[in-house]
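Residue numbers (the UniProt record's numbering): 1 to 465.
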């Protein structure tokens, strides 16, 4: 694996990347039509439990609402996805049971198992850090069969590279697994110290359908993101050079994003994005062993970098500013990333804002919150996201945003604020109670979008009086 680089948060990033890759291996086994499991074939719409739980948040699909699972051989698959090390006869896809949370959204055995794998890996390496995660273990303690399923998933998931796998801790008993999950589910976060915010499977409703989902892991220190790792196991890219262009760094994106809900990587492990504050964003294809080679994404230099280079060149070149600022993104060229099926936001307001910009709508529709950030990172500078909550007292969960915002801002000249113009405060606890709404856009156009959004919301408030 080579020596770890001696840079700030290098070990944190490395362990987090390995942890996300290991958990991604688990989730790929549970997907509809998964090539990891030779025992079953599953329809393209996903898996439903016998109680027929559904969610109003589910992404749109032309497929039937349920699927049939039949035993038998699957289609041939590449050797690098061989699953011979799994327990013989254990039907992983069939056992990915679902329950319904209090908000009617689904949670699967895979969610619990992925959270256990993520937290145990990081906790083993950094035992003094706290955690804030989406799930707790209460449902598992009440349901021994579900707990057994989760335990099977956790104990059977490993990296193929023994040296890499040895760096990641795993719960020793079922009770240990419960306790590890609860480190996240009962963690509080806060403005001081270090804690990790994680979403084991973001976009569970899309995951069940075999569409785009993500797992995120972010280190928060003193209320700020310092490390972000995002696994996108279903994300299919045609070729690295299609994204990056001719050089080593990503281009501006050319007005497209490779993220599409139903364009999935059926036979591979998808893509990982990661960032450390002040060190930029990298991406790599995920595998099943040691980490694969990474490449840097830099759509444009960060404004602070441009200013520093301008000052340096001014001093060296007798006043000649040789580093021009990047051209501003035009409002009419904006490409909006949204989820019209979300029950938390008002997509009609996003449409109204796009019309005010003279930009087309809809742009890219993606259900998973973190996959929308991935679409921003991998798309062009004109890709934006504006989210208007349905209620004035809405507070979003920290795990739906932490890490991915850092990955976005470190990838170029992006800026993230709420609809009041405030930076996102990750020190407010489990919910982002000090912020309302979201504007994610290139810094050259963020201010204009903020002005238009403010005018729109003021007009709405006046009309309501």
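By construction, the Cβ of each residue, glycine as well, lies at the ideal position given by its N, Cα and C atoms.
- Looking at the DSSP output, residue 131 bridges to 196.
- Collapsing the DSSP output to three states places residue 417 in a strand.
- At the C-beta level, residue 454 and residue 328 stay beyond 7 Å of one another.
- The bridge partners DSSP lists for residue 337 are 364.
- For residue 440, the uninterrupted beta strand (DSSP E) segment begins and ends at 438–442.
- Nearest Cα to residue 224 within the set 428, 457 and 158: 428.
- With 16 or more neighbouring CB atoms inside 10 Å of its own CB, residue 214 falls in the buried class.
- Your pair residue 14 and residue 226 does not check out as a contact, with CB atoms roughly 14 Å apart and the cut at 8 Å.
- Taking a contact to require three or more Cβ pairs closer than 8 Å, the stretch 329–345 and the stretch 359–373 qualify as touching.
- Across the structure, residue 136 and residue 395 are spaced so that their CA atoms are roughly 20 Å apart.
- In the DSSP assignment, residue 216 falls within the unbroken beta strand (DSSP E) covering 214–221.
- Residue 201 carries a strand assignment under DSSP once its states are collapsed to helix, strand and coil.
- Minimum Cα-Cα distance from residue 261 among the listed residues 237, 193 and 393 corresponds to 237.
- Residue 422 counts as exposed, since fewer than 16 other beta carbons sit within 10 angstroms of its beta carbon.
- If you look at residue 110, you'll find it in the alpha helix (DSSP H) that goes 109–125.
- In the DSSP assignment, residue 231 is bridged to 215 and 272.
- Residue 221 and residue 375 have their C-alpha atoms roughly 26 Å apart.
- Judged by beta-carbon spacing, residue 22 lies beyond the 7 Å limit of residue 230, meaning their Cβ atoms are not closer than that value.
- Taking the CA atoms as reference points, residue 134 sits about 11 Å from residue 431.
- Closest by C-alpha distance to residue 265, out of 29, 179, 433 and 177, is 29.
- For residue 387, the enclosing beta strand (DSSP E) stretches over residues 383–387.
- Distance between residue 370 and residue 463, taken at the CA atoms: about 34 Å.
- Taking one beta carbon from each stretch, the stretch 294–301 and the stretch 411–422 have 3 or more pairs nearer than 8 Å; the two touch.
- Distance from the Cα of residue 378 is smallest, within the candidate group 271, 204 and 122, for 271.
- Rounded to whole angstroms, the Cβ separation of residue 202 and residue 418 is 20 Å, and the two are not in contact under 8 Å.
- Here residue 174 is actually not in contact with residue 108; their C-beta atoms are around 18 Å apart, not less than 8 Å.
- Taken through DSSP and simplified to helix, strand or coil, residue 424 comes out as coil.
- Counting along the chain, no alpha helix (DSSP H) covers residue 332, and no H or E run does either.
- For residue 124, same chain residues with a beta-carbon under 6 Å away, outside a window of 5 residues either side, are 169 in chain order.
- The secondary-structure analysis by DSSP pairs residue 431 across a beta bridge with 397.
- When secondary structure is reduced to three states using DSSP, residue 225 falls in the strand class.
- If you compare the alpha carbons of 132, 182, 193 and 282 with that of residue 407, the shortest gap goes to 282.
- The continuous alpha helix (DSSP H) containing residue 153 extends over residues 144–155.
- A straight-line Cα-Cα distance of about 19 Å links residue 184 and residue 146.
- About 14 Å separates the beta carbons of residue 187 and residue 178, which is beyond the 8 Å limit, so they are not a contact pair.
- Rounded to whole angstroms, the gap between the alpha carbons of residue 233 and residue 465 is 47 Å.
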